[in-house]
Amino acid sequence: MSWALLEGYEKKRALRAQMLALRNSKPASELDQVSSEITARLLEFPTVKEALTISTYLNVGSEVRTRGFVDWALENGKRIIVPVVERANKRLIFSEFKAPEELGRGAHGIPEPKREFRRAVALEEADLILVPGVAWDRKGFRIGYGAGYYDRSINALRKHITTVGLAYEFQFISSVPRSRYDQRVDKIVTESRIIDTRHPDVSTHFMSNRVSTDSSV
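First residue of the sequence shown: 0, per numbering that gives the first Met the number 0; consecutive thereafter.
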């Protein structure tokens with residue numbers, strides 16, 4: 000490992016701890032409200048409306064909540080697939096999800112389908128992948144929890160699938176330290192804007208039910 004790579008890991012570790020402390024300090028009621036606003040933005044995506052199969056994480060702790068989105072998706076006939084952590088192989092597998100009653104407590108306390116309810120689905124079958132993160136930059140790079148599960152899963156895809164990060168506005172930093180294995184998402188949705196990471200200086204803002212495009216963010 001080079002000194003530069005080691006320094007990047009240390010920076011990520013420090014930023015992760017700092018952002019987790021900030022995120023965990025927020026009242027649950029505030030995060031619930033902001034997550035509802037993020038879900039509303041997400042539902043305006045044409046890709047979401049057109050998708051037949053959507054991969055989403057199931058939130059834990061102070062992450063952006065996804066359960067409202069999952070409820071909407073199931074009610075509207077979408078197929079939902081969720082990650083299951085395979086600790087032995089240090090990877091994610093994906094399972095179709097149909098009802099909250101199927102869930103148990105998985106690795107790191109993350110909700111995941113109990114064994115008797117697992118229905119294996121290849122991630123390549125998804126039309127859209129929702130990605131969690133601890134910290135983000137506007138180019139679409141993220142700091143996760145350090146295990147690299149999502150980066151490896153996306154790296155292994157044999158075709159491009161649209162990836163969307165869900166983030167609170169306070170999670171942004173100027174630049175995420177990254178390595179060659181880090182994957183950036185195509186879009187980031189927050190409570191107040193949608194960022195196209197190919198053009199990070201142009202965001203679609205949502206203010207008082209008005210939509211505006213602003214390049215001054």
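Ideal placement from N, C-alpha and C gives every residue a C-beta, glycine not left out. Bear in mind the structure is a predicted one, so any value in this text is a computation, not a measurement.
A distance below 9 Å separates the beta carbons of ARG118 and SER94. In the pairwise beta carbon analysis, the region 26 to 42 is classified as not touching the region 99 to 107: fewer than three pairs are separated by under 8 Å. Membership of VAL83 in the beta strand (DSSP E) is indicated by the continuous run 78 to 85.
Per the Cβ contact rule, the region 64 to 78 is not in contact with the region 143 to 161 (fewer than 3 Cβ pairs under 8 Å). Residue PRO99 holds the alpha-carbon nearest to the alpha-carbon of ASP70 among PRO99, ASN88 and GLU49. Put simply, the backbone Cα of ALA27 is about 25 Å away from that of ARG137. A residue is called buried when at least 16 other Cβ atoms come within 10 angstroms of its Cβ; TYR180 does not meet this threshold and is exposed.
By alpha-carbon distance to ARG192, the top candidate from TYR56, PHE44 and ARG15 is PHE44. Burial state of ALA155 is exposed, judged by a 10 Å Cβ sphere holding fewer than 16 other Cβ atoms.
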